[in-house]
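All remarks here apply to the structure that follows.
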Amino acid sequence: MNAIDFLKTLYFGDRYCTKFLLDSTNNKVELHVNQISRIRDKSGEWNYYTDEDIENGVLVFTGIKKVFLDESGLLPNDQIYDVYANEHDGIYEFVIETSHVDVNALTYDLTIRIIGEGVYLLDPAKPDVRIQD
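Mapping to the numbering used here: the sequence shown position 132 is 229, numbers consecutive.
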């Protein structure tokens, strides 16, 4: 499954970012999420499907070429609105639409762009298994 279609099978509604990790040694970026659900309904809707939920799941972007943090300089620490990809000549532009909440409970919307080769999901209960379908 290509990255564009794979990301369409992930549900992030009412979920939040717990960690955003730039791993330059392994050329990857990790988006840690309190819970990730899968979308398996043919309609493309989540429909409260929970059989494959992953608590403290990690979305791993690989073969990183560039990372563009939000111009605000803020890091994600709250709700994830969407994660999607566009493909250009075999390389993906991954877009993470998320938010940051400050100490005064003010919310700031963020957009992070990652240029890379692929993406997979990790379940901390099975750290050696790359979920790509």
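Virtual Cβ for every residue (Gly too), placed ideally from N, Cα, C.
Being a predicted model, the structure only gives us computed values, none of them experimental.
Compute the minimum distance between the beta carbon of residue i and the heavy atoms of the ligand GTP, and state whether it is under 8 Å.
i       : result
Arg-227 : The model on display carries no ligand, and the ligand GTP is accordingly not part of it.
Taking all protein chains shown into account, decide if residue i is buried (16 or more other Cβ within 10 angstroms of its Cβ) or exposed.
i       : result
Phe-191 : buried
Pro-224 : exposed
Gly-200 : Looking at the sequence shown, residue 200 is not Gly but Val. Under this definition Val-200 is an exposed residue.
Asp-167 : buried
Lys-125 : buried
Phe-109 : buried
Start and end of the alpha helix (DSSP H) containing residue i?
i       : result
Asp-220 : No alpha helix (DSSP H) holds Asp-220; the beta strand (DSSP E) holding it covers 215-220.
Asp-102 : 100-104
Just the C-alpha distance for residue i and residue j, rounded to the nearest angstrom, thanks.
i       : j       : result
Gly-187 : Ala-222 : 31 Å
Leu-119 : Lys-163 : 11 Å
Thr-204 : Asp-230 : 33 Å
Asn-99  : Asn-183 : 11 Å
Thr-106 : Tyr-146 : 11 Å
Tyr-233 : Leu-218 : Past the boundaries of the shown model lies residue 233; the chain is included only from 98 to 230, so the question cannot be answered.
Thr-122 : Pro-173 : 22 Å
Asp-179 : Asp-148 : 21 Å
Asp-175 : Ser-169 : 15 Å
Glu-152 : Glu-142 : 20 Å
Leu-104 : Glu-214 : 14 Å
If you follow the beta strand (DSSP E) that residue i is in, where does it begin and where does it stop?
i       : result
Tyr-113 : Here Tyr-113 belongs to no beta strand (DSSP E), and DSSP marks it neither H nor E.
Val-200 : Neither: Val-200 is in no beta strand (DSSP E) and is coded neither H nor E.
Asp-225 : 223-228
For residue i versus residue j, is the C-beta distance shorter than 9 Å?
i       : j       : result
Ile-161 : Ile-212 : yes
His-197 : Leu-171 : yes
Asp-150 : Arg-135 : yes
Leu-156 : Glu-194 : no
Val-226 : Phe-158 : no
Asp-102 : Gly-154 : no
Ile-209 : Phe-165 : yes
**Request:** Jot down the residue ranges of each uninterrupted beta strand (DSSP E) in the region 116-182, minimum 3 residues, whole runs only, in chain order.
**Result:** 125-135, 151-159, 163-165
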